[in-house]
Amino acid sequence: MILGGLANKIVRKFLIFNGRMRILFGYVSIICSIISMIAIGYTISPFQYETSIFFLSEFSPFSVGAYLVISIGIILAEFVTIKETDICSEKSFNAFISLLLIQAGSFFIVSAVSWLLVFLGYILLFASFNFYIRIMYTQNEDNNQNFISPYFIMNALSIVILFVSIICYNITENSYHIHNMLGIQKIWEFLCLSFILFFLYIQLGCPPFHLRIFSHSDQKKNSSSQLLIVVQRGISIVFLIKILSIFRYSDYSKVLQWIFVISGIIFTFWGILASMTEEKLQKLVNYVSLSHIGFIFLLISFLFSFNIDQEIVVNIYQGLCYLSLAYILFYSFTLAVTSIISKGYDTFELNDLRGLGRRTYLLPFLMLLAFILLFAFPIAIGFQTNLFNYSLMPSSLYFIMVLFDLQIVLSFVYLARILKILYFERRVPTIRYSTVEPSIYMALLFSLFLVIVFLIFSTRIFDLCTFMTETFS
1 MILGGLANKI VRKFLIFNGR MRILFGYVSI ICSIISMIAI GYTISPFQYE
51 TSIFFLSEFS PFSVGAYLVI SIGIILAEFV TIKETDICSE KSFNAFISLL
101 LIQAGSFFIV SAVSWLLVFL GYILLFASFN FYIRIMYTQN EDNNQNFISP
151 YFIMNALSIV ILFVSIICYN ITENSYHIHN MLGIQKIWEF LCLSFILFFL
201 YIQLGCPPFH LRIFSHSDQK KNSSSQLLIV VQRGISIVFL IKILSIFRYS
251 DYSKVLQWIF VISGIIFTFW GILASMTEEK LQKLVNYVSL SHIGFIFLLI
301 SFLFSFNIDQ EIVVNIYQGL CYLSLAYILF YSFTLAVTSI ISKGYDTFEL
351 NDLRGLGRRT YLLPFLMLLA FILLFAFPIA IGFQTNLFNY SLMPSSLYFI
401 MVLFDLQIVL SFVYLARILK ILYFERRVPT IRYSTVEPSI YMALLFSLFL
451 VIVFLIFSTR IFDLCTFMTE TFS
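Position 271 of the sequence shown, counting from 1, maps to 271 under the numbering used here, and the rest follow consecutively.
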C-alpha cells in the first residue's frame, strides 16, 4: 500500500496526463500483456526443462488455454479502455494497471501448484476487478454512486472471510496438536467450511445479497462493470468446485449434500419464477443467472452421495467445469446483446420491445439465441453426463432428478414468454434507435466469436475438462 501510494504521487507529479500520455499508457500495457502471453510458454508449456516447485511442471492444455483466453480478453479490455476513458487519464492509467494485475492474478490461479499462490492470485484478481469496476463505473457523472459503496463493502467482507477460512484450514491440516485433539479438529474444520461457503454465498450474489448486485442493472453506461461481475461470479463457481472436492469425504458430507440440494431448489425456482415476471432487461438476465447457479448447486449435491459410481463422479466434475466456462461465456454474450437493445432503443423494459422481431431481425434473433443458450446448455450437460438416466442413479437421488425435469419445463415456459413478446405481440410505434458506445459492440463481437468457437468445438472442450477433473477428483 505504501509503495502504491508513493508510485501514485510520483506519477501525478512528474507525468503530464493528456490524451497522448493516455494512449501511451494503453499501448505499453498492451505490449506488457502480449509479452506475458509469450512468457507463459516457458512457465507451463512443454518448452520448459526445469522442474518448478511452485508452478506446473507438466504441460496442461486446459491451463494454457484458460490463460490465453483471459489474456485475449484483457487485451480487448485495454483497447476498450483507450477509447472509453476520459482525457484526464489518471483514471485510465489506474485502469491499465488494474487490468495488468488481473492478468497476473489469473496466471497464478491457472498455473500455481501451491495453494498459497492460488489464493494470492485469487485475492489479487478480485481486488483488481473491483478497482477496475470502480474506475469505469465512475467515469460517468450521471451514474448513481449509491451502488458502489455497498457492493465493495460486500466484496471486502467476503475477501476477509476468505482469509479467515484459509487460516482455519491451514491450522487444521498442519497443526500436530490439533490432530491429536479430535474434537477441536472437527470444530476448526467446521469453521473453515462455514467461512468458505459464506464467502462464496456472497460472491455468487445469492439471496439476499443479490439485491445489492442486481440494483445497478437498470443504470446506463455500466456494461463493462457488469461483464466483469459476470467473470467474477464464474471464477467463484470454479473455486467452489475446487474447494468442495477437499470436503467430499469429510464428516459433513451429508450435511453439505442437503445444503446444496436446498440451495439449488431455492435458487432455481427463485431465478426462473422471478424472471417470468421481471420487466427490466438486464435484471432479467441476472435473475436467470440465479437459476443457472441453482442448477450447478444441484449438480454439486450429487458429489456428496456415496452410492454413485466413480465414473459418474468424473462425469459430474466434467459437467461442472464445462458449465463454469459456459457461464462466463454465455452471460457475457447475453449482457452484450441486452445492453445494445436497452441502450440503442433507450428502454430497459421488456414490454417496450413488443413486436420488435417484426420491425428488425438481427437484435431480437440474437436476444432469443442468447436466452436459449442460457437454458439449453445446462440441460445438455445433464444428458451428456448421463445425469438424466434414472437407471444409473440411486433411489435416494430421484427427487433431484424430478427437479431437473421440472426445471426443463419451466425453462421452456420462460422461453415461450420471450418469443411471444418479441414476435407475436401487436406492433407498437417504432422506437428511435440511438447510438451505442463502441465497447458494447466490441464485447458483442468478441463474445459471439467465442460462442461460435465454443459450439463448434463443444465436444473437444468437454474432453479437455478431463484435465481439470483429474485435479479435483
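Idealized CB from N, CA, C, for every residue including glycine.
From residue 281 to residue 187, what distance separates their C-alpha atoms?
In the sequence shown, counting from the first residue as 1, residue 281 sits at position 281. In the sequence shown, counting from the first residue as 1, residue 187 sits at position 187. The C-alpha of residue 187 is placed about 45 Å away from the C-alpha of residue 281.
Using the C-alpha atoms, what's the distance from residue 252 back to residue 333?
As a first step, residue 333 is located in the sequence shown; it is residue number 333 there, counting from the start. As a first step, residue 252 is located in the sequence shown; it is residue number 252 there, counting from the start. Cα to Cα, the separation comes out at about 38 Å.
Could you check where the alpha helix (DSSP H) with residue 256 kicks off and where it finishes?
Mapped onto the sequence shown, residue 256 falls at position 256. Per DSSP, residue 256 belongs to the alpha helix (DSSP H) from 253-277.
Looking at residue 422 and residue 368, is the spacing between their C-beta atoms short of 8 Å?
Indexing the sequence shown from 1 puts residue 368 at position 368. Indexing the sequence shown from 1 puts residue 422 at position 422. It is a contact, given that the beta carbons lie within the stated cut-off.
Count the other CB atoms within 10 Å of the CB of residue 322; is the residue buried (16 or more) or exposed (fewer)?
Taking the first residue of the sequence shown as position 1, residue 322 is located at position 322. Buried, because 16 or more other Cβ atoms sit within 10 Å of the Cβ of residue 322.
With distances taken from CA atoms, which of 249, 132 and 191 is nearest residue 96?
Against the sequence shown, residue 96 aligns to sequence position 96. Residue 132 is the option with its Cα nearest to residue 96.
Candidates 98, 274, 285 and 289, of which the one nearest residue 234 by Cα:
On the sequence shown, residue 234 is found 234 positions in, with the first residue counted as 1. Residue 234 has its Cα closest to that of 289, out of 98, 274, 285 and 289.
May I have the straight-line CA-CA distance separating residue 125 from residue 107, to the nearest angstrom?
The residue you call residue 125 lines up with position 125 of the sequence shown. The residue you call residue 107 lines up with position 107 of the sequence shown. Computed Cα separation, rounded: 10 Å.
Verify whether the separation of the beta carbon atoms of residue 237 and residue 324 is less than 8 Å.
As a working mapping, residue 237 is identified with position 237 in the sequence shown. As a working mapping, residue 324 is identified with position 324 in the sequence shown. Cβ atoms of residue 237 and residue 324: closer than 8 Å.
Once the 5 residues before and after residue 410 are set aside, which same chain residues still bring their CB inside 6 Å of it?
Here the question's residue 410 lines up with position 410 in the sequence shown. So the list reads 272, once near-sequence residues are dropped.
Roughly how far, in whole angstroms, is the beta-carbon of residue 304 from the beta-carbon of residue 267, given that I think they are within contact range, below 8 Å?
In the sequence shown, residue 304 corresponds to position 304, counting from 1. In the sequence shown, residue 267 corresponds to position 267, counting from 1. About 17 Å; that fails the 8 Å criterion.
Of the residues 293, 129, 328 and 121, which one's Cα is nearest the Cα of residue 200?
For the purposes of this step, residue 200 is taken as the residue at position 200 of the sequence shown. Comparing Cα-Cα distances from residue 200 to each of 293, 129, 328 and 121, the minimum goes to 293.
Have a look at residue 243 and residue 274 and give me their C-alpha separation to the nearest angstrom.
Along the sequence shown, one-based indexing puts residue 243 at 243. Along the sequence shown, one-based indexing puts residue 274 at 274. Whole-angstrom Cα-Cα distance: 30 Å.
Whole angstroms is fine: what's the gap from residue 141's alpha carbon to residue 374's?
As a position in the sequence shown, residue 141 is number 141, starting the count at 1. As a position in the sequence shown, residue 374 is number 374, starting the count at 1. The predicted model places residue 141 with a pLDDT of 48, which falls under 50 and marks its position as unreliable, so this point remains unresolved.
So for residue 249, helix, strand or coil by DSSP?
In the sequence shown, residue 249 corresponds to position 249, counting from 1. Of the three classes helix, strand and coil, the one that applies to residue 249 here is coil, per DSSP.
Taking only the alpha-carbon atoms, compute the straight-line gap between residue 278 and residue 341 and give it to the nearest angstrom.
For this step, residue 278 is matched to residue 278 along the sequence shown. For this step, residue 341 is matched to residue 341 along the sequence shown. Rounded to the nearest angstrom, the two C-alpha atoms are 16 Å apart.
What is the C-beta distance between residue 312 and residue 371, in whole angstroms, given that I count them as a contact (C-beta under 8 Å)?
Taking the first residue of the sequence shown as 1, we reach residue 312 at position 312. Taking the first residue of the sequence shown as 1, we reach residue 371 at position 371. That pair is no contact at about 30 Å.
Taking the Cβ atom as the reference point for each residue, do residue 195 and residue 161 lie within a distance shorter than 8 Å?
For this step, residue 195 is matched to residue 195 along the sequence shown. For this step, residue 161 is matched to residue 161 along the sequence shown. In this structure, residue 161 lies closer than 8 Å to residue 195 by Cβ.
Assuming contact is defined by CB atoms lying nearer than 8 Å, are residue 261 and residue 301 in contact in what I supplied?
By 1-based counting over the sequence shown, the position of residue 261 is 261. By 1-based counting over the sequence shown, the position of residue 301 is 301. Against a cut-off of 8 Å, the Cβ pair of residue 301 and residue 261 comes out as a contact.
Suppose you measure from the CA of residue 104 to the CA of residue 158; what does that come to, to the nearest Å?
Locating residue 104 in the sequence shown gives position 104, where the first residue counts as 1. Locating residue 158 in the sequence shown gives position 158, where the first residue counts as 1. Between the alpha carbons of residue 104 and residue 158 lies a distance of about 21 Å.
Can you tell me whether residue 336 is buried or exposed, with buried defined as 16 or more other CB within 10 angstroms of its CB?
Along the sequence shown, one-based indexing puts residue 336 at 336. Buried, because 16 or more other Cβ atoms sit within 10 Å of the Cβ of residue 336.
Contact set for residue 299: own chain, Cβ-Cβ below 7 Å, skip 5 residues either direction:
Against the sequence shown, residue 299 aligns to sequence position 299. So the qualifying residues of the chain are 316, 319 and 320.
Same chain, Cβ closer than 6 Å to residue 263, neighbours up to 5 away in sequence not counted
Residue numbering aside, residue 263 sits at position 263 when the sequence shown is read from its first letter. Here the set comprises 297.
Other residues of its chain near residue 405: CB distance less than 6 Å, five sequence neighbours each side excluded:
Numbered from 1 along the sequence shown, position 405 holds the residue referred to as residue 405. Cβ neighbours of residue 405 beyond the five flanking positions: none.
Applying the 10 Å Cβ sphere with the 16-neighbour rule, what's the burial state of residue 331?
Within the sequence shown, numbered from 1, the residue matching residue 331 stands at position 331. Per the 10 Å Cβ criterion, buried.
Is the beta carbon of residue 247 closer than 8 Å to that of residue 256?
Within the sequence shown, numbered from 1, the residue matching residue 256 stands at position 256. Within the sequence shown, numbered from 1, the residue matching residue 247 stands at position 247. Yes, the Cβ-Cβ distance between residue 256 and residue 247 is below 8 Å.
Could you give the DSSP three-state label for residue 419: helix, strand or coil?
Here residue 419 refers to the residue found at position 419 of the sequence shown. Correct three-state label for residue 419: helix.
Work out the CA separation of residue 327 and residue 285 for me, nearest whole Å.
Here residue 285 is taken as the residue at index 285 of the sequence shown, counted from 1. Here residue 327 is taken as the residue at index 327 of the sequence shown, counted from 1. Using only the alpha carbons, I get a separation of about 12 Å.
Assign residue 158 to one of three DSSP states: helix, strand, or coil.
For the purposes of this step, residue 158 is identified with residue 158 of the sequence shown, where counting begins at 1. Helix, per DSSP.
Identify which residue in 101, 99 and 403 has its Cα closest to the Cα of residue 265.
Counting from one through the sequence shown, the residue named residue 265 turns up at place 265. The option with the nearest alpha carbon to residue 265 is 403.
Identify whether residue 289 lies in helix, strand or coil by the three-state DSSP scheme.
Walking along the sequence shown from the start, residue 289 turns up at place 289. Note: residue 289 maps to helix in three-state DSSP.
Closest by CA to residue 365, which one among 165, 420, 164 and 329?
As a first step, residue 365 is located in the sequence shown; it is residue number 365 there, counting from the start. Of the listed residues, the one whose Cα sits closest to residue 365 is 420.
Residue 194 - DSSP class collapsed to helix/strand/coil:
Numbered from its first residue, the sequence shown carries residue 194 at position 194. If DSSP states are grouped into helix, strand and coil, residue 194 belongs with the helices.
Find out if the Cβ-Cβ distance for the pair residue 122, residue 239 is shorter than 8 Å.
Sequence index remark: in the sequence shown, residue 122 carries index 122 (1-based). Sequence index remark: in the sequence shown, residue 239 carries index 239 (1-based). Pairing residue 122 with residue 239 gives a Cβ-Cβ distance under 8 Å.
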